[in-house]
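In order, the protein sequence lines correspond to chains A, B, C and D. So in numbering that gives the first Met the number 0, spot 65 of the first sequence is number 64, and the numbers just go up one at a time. So in numbering that gives the first Met the number 0, spot 57 of the second sequence is number 56, and the numbers just go up one at a time. So in numbering that gives the first Met the number 0, spot 90 of the third sequence is number 89, and the numbers just go up one at a time. So in numbering that gives the first Met the number 0, spot 40 of the fourth sequence is number 39, and the numbers just go up one at a time. By construction, the Cβ of each residue, glycine as well, lies at the ideal position given by its N, Cα and C atoms.
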Amino acid sequence: MRVHLLYFASFRDIAGKPDENRELPPGSRVGDLWAALSREVPRFAAFPSMPPAAVNEEYVGADEPLRDGDEVAFLPPVAGG
Amino acid sequence: MRVHLLYFASFRDIAGKPDENRELPPGSRVGDLWAALSREVPRFAAFPSMPPAAVNEEYVGADEPLRDGDEVAFLPPVAGG
Amino acid sequence: MYLTTQPIDVAKMLHEARPCDGALCLFLGVVRNENAGRETISIDYEAYGSMAEKEMERIAGQIAAEWPSARLVMAHRVGRLAVGEVSVAVAAVAPHRAEAFAACRASIDRIKTTVPIWKKEHHPDGSSGWVDPTRESGDLTIG
Amino acid sequence: MYLTTQPIDVAKMLHEARPCDGALCLFLGVVRNENAGRETISIDYEAYGSMAEKEMERIAGQIAAEWPSARLVMAHRVGRLAVGEVSVAVAAVAPHRAEAFAACRASIDRIKTTVPIWKKEHHPDGSSGWVDPTRESGDLTIG
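This is the structure we're talking about:
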């Protein structure tokens, strides 16, 4: 299956791109996607734990199952206001 | 000595006037003035205790000594805002 | 001068209060159309003016001492106000929101407790009464 | 729509928020000229826009459930803001001030905690950095 991954703010700087499509094995969960990113990008690997994540614009935990076509984002610490 | 007594809001309605000059015996305190008013005006006598009082625009207690020329006011419950 | 017989210009107050200080908390008191279950059409605000100015100045000094990082702008209207008009405005500006909220809240709480201002509500049936916040009903009708 | 690229019109917000409801508490966040000891000249606010709108709507629903007597008007600016510009505005109106203050404070606290918005500070020396409120310094310089 394929998900659309979005990068914002400092995570976009780290990834070097604002978004990408990623192919994932069936049954993948949000935590699996973060693990895959961490294997590729040392600065993501340096995070002590998975940052807050959103699937289809809702906060979810690492166990959230992913489905084909999902929009996924890992979120840097928010700083609105 | 003589003091200038001011009445505001519901107290003005009770007294029927906005202010008056009053002659007081030397050594009078604020509580003595309230006692004198209460003897004259039954609706003031009905108060369970002396209302907040101000002398020369500052809150004072019943023991505050009065001086000739003081401006004195007993204040109904404030309701600003 | 904290008391004014003219409508409070909130935009101007915000302009005066707002520099580059991070957080602004504004409180507005607005004349309600009812109190203690009775409809109100207007309110007369009466002040012991000279003492009210001193009390508001004293409160401003207290707030400045307790929240040194906060700046305060305050105004209280007197005279007859229609429903929907602003009776009191307090703006507190500080580098962070905790101080802005605290200074604003403390200011309005103290204004309502000690500043010698009274209000007489006018009702649609022509009756009126001085508001007594110390009574449960909040409404003491005189005369 | 809670997000706007245009300057927040505070006067208009107050007008929308203010009926005859007694108490209004407004919070404004203003771009400060310094953060964590470093001078700031401007801030870029970036949002995950569609999710930020949903989060602010969710917060508005929470506040309405927790303070049923309060009404809320909120806006958050995105894009580049100069020092002194309003980044966020929350107005809460209620019959009494306790609810107005509480609803306003809870709203801004939650906005700052969960709405996906980020800010990059620009400094006079040309450097810039994303603000990380979870770090003590509050300033994470990237690149």
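Of the residues the options, the one placed nearest residue i, counting alpha carbons only
{"i": "D:Pro-115", "options": "D:Asn-32, D:Val-130, D:Glu-84", "result": "D:Val-130"}
{"i": "B:Asn-20", "options": "B:Pro-41, B:Leu-36, B:Ser-48", "result": "B:Leu-36"}
{"i": "B:Ile-13", "options": "B:Val-59, B:Leu-74, B:Gly-79", "result": "B:Leu-74"}
{"i": "C:Ala-22", "options": "C:Ala-69, C:Ser-49, C:Asp-124, C:Glu-56", "result": "C:Ala-69"}
{"i": "B:Arg-1", "options": "B:Ala-78, B:Asp-69, B:Pro-41, B:Arg-42", "result": "B:Asp-69"}
{"i": "D:Ala-64", "options": "D:Gly-125, D:His-121, D:Gly-28, D:Ala-101", "result": "D:Ala-101"}
{"i": "C:Leu-13", "options": "C:Arg-31, C:Cys-24, C:Arg-57, C:Asp-43", "result": "C:Cys-24"}
{"i": "D:Gly-60", "options": "D:Thr-39, D:Ser-41, D:Ala-105", "result": "D:Ala-105"}
{"i": "C:Pro-123", "options": "C:Arg-57, C:Asn-34, C:Ile-62, C:Gln-5", "result": "C:Asn-34"}
{"i": "B:Arg-42", "options": "B:Gly-15, B:Asp-62, B:Ala-72", "result": "B:Gly-15"}
{"i": "C:Ile-42", "options": "C:Thr-133, C:Ser-126, C:Arg-57", "result": "C:Ser-126"}
{"i": "B:Gly-60", "options": "B:Leu-23, B:Trp-33, B:Leu-5", "result": "B:Trp-33"}
{"i": "B:Arg-11", "options": "B:Glu-22, B:Val-40, B:Pro-25, B:Leu-23", "result": "B:Val-40"}
{"i": "D:Val-29", "options": "C:His-121, C:Thr-113, C:Pro-94, C:Thr-112", "result": "C:Pro-94"}
Alpha-carbon to alpha-carbon, residue j and residue i
{"i": "C:Pro-67", "j": "C:Met-0", "result": "22 Å"}
{"i": "A:Arg-38", "j": "A:Ala-44", "result": "7 Å"}
{"i": "C:Arg-17", "j": "B:Asp-67", "result": "46 Å"}
{"i": "B:Asn-55", "j": "C:Glu-84", "result": "32 Å"}
{"i": "C:Met-55", "j": "A:Gly-30", "result": "58 Å"}
{"i": "B:Pro-50", "j": "C:Val-72", "result": "30 Å"}
{"i": "C:Val-92", "j": "C:Cys-103", "result": "9 Å"}
{"i": "C:Ala-51", "j": "C:Arg-79", "result": "17 Å"}
{"i": "B:Phe-7", "j": "D:Ala-97", "result": "28 Å"}
{"i": "A:His-3", "j": "C:Leu-2", "result": "60 Å"}
{"i": "D:Glu-45", "j": "D:Arg-31", "result": "17 Å"}
{"i": "C:Pro-132", "j": "D:Lys-119", "result": "49 Å"}
{"i": "C:Thr-140", "j": "C:Gly-36", "result": "In this prediction, C:Thr-140 has a pLDDT of 42, which is less than 50 and means its spatial position is unreliable; nothing more can be read from the coordinates."}
{"i": "D:Val-9", "j": "D:Gly-48", "result": "21 Å"}
{"i": "D:Glu-38", "j": "C:Ile-40", "result": "51 Å"}
{"i": "D:Ile-62", "j": "D:Ala-99", "result": "11 Å"}
{"i": "C:Arg-134", "j": "D:Thr-113", "result": "43 Å"}
{"i": "A:Asp-62", "j": "D:Ile-7", "result": "39 Å"}
{"i": "D:Asp-20", "j": "D:Lys-53", "result": "27 Å"}
{"i": "A:Tyr-58", "j": "D:His-121", "result": "29 Å"}
{"i": "D:Arg-57", "j": "A:Pro-76", "result": "19 Å"}
{"i": "A:Pro-25", "j": "A:Pro-17", "result": "25 Å"}
{"i": "C:Lys-11", "j": "D:Lys-11", "result": "14 Å"}
{"i": "B:Gly-80", "j": "D:Glu-15", "result": "21 Å"}
{"i": "C:Gly-128", "j": "B:Ser-48", "result": "22 Å"}
Helix, strand or coil at residue i [DSSP, three-state]
{"i": "C:Ser-106", "result": "helix"}
{"i": "C:Lys-118", "result": "strand"}
{"i": "B:Val-54", "result": "strand"}
{"i": "C:Val-130", "result": "coil"}
{"i": "B:Arg-66", "result": "coil"}
{"i": "A:Ala-72", "result": "strand"}
{"i": "D:Ala-90", "result": "strand"}
{"i": "B:Asp-18", "result": "strand"}
{"i": "A:Val-40", "result": "coil"}
{"i": "A:Leu-23", "result": "coil"}
{"i": "B:Val-2", "result": "strand"}
{"i": "A:Val-77", "result": "coil"}
{"i": "C:Thr-140", "result": "Because the pLDDT of C:Thr-140 is 42, which lies under 50, any placement of that residue in the model is unreliable, and the number read from its coordinates should be weighed accordingly. It is coil, neither helix nor strand."}
Pair within 7 Å by beta-carbon distance, residue i and residue j
{"i": "C:Trp-117", "j": "B:Ala-53", "result": "no"}
{"i": "C:Phe-26", "j": "C:Ile-107", "result": "yes"}
{"i": "A:Ser-9", "j": "A:Leu-65", "result": "no"}
{"i": "D:His-75", "j": "D:Val-89", "result": "no"}
{"i": "D:Val-77", "j": "D:Thr-4", "result": "yes"}
{"i": "B:Ala-72", "j": "B:Leu-23", "result": "no"}
Under 8 Å from the C-beta of residue i: neighbouring residues of chain E
{"i": "C:Pro-94", "result": "Within the model displayed, chain E is absent; protein chains A, B, C and D are what it includes."}
* Completely contained beta strand (DSSP E) runs for the stretch 2–82 of chain D, where each covers 3 or more residues -> 22–29, 41–46, 70–76, 78–81
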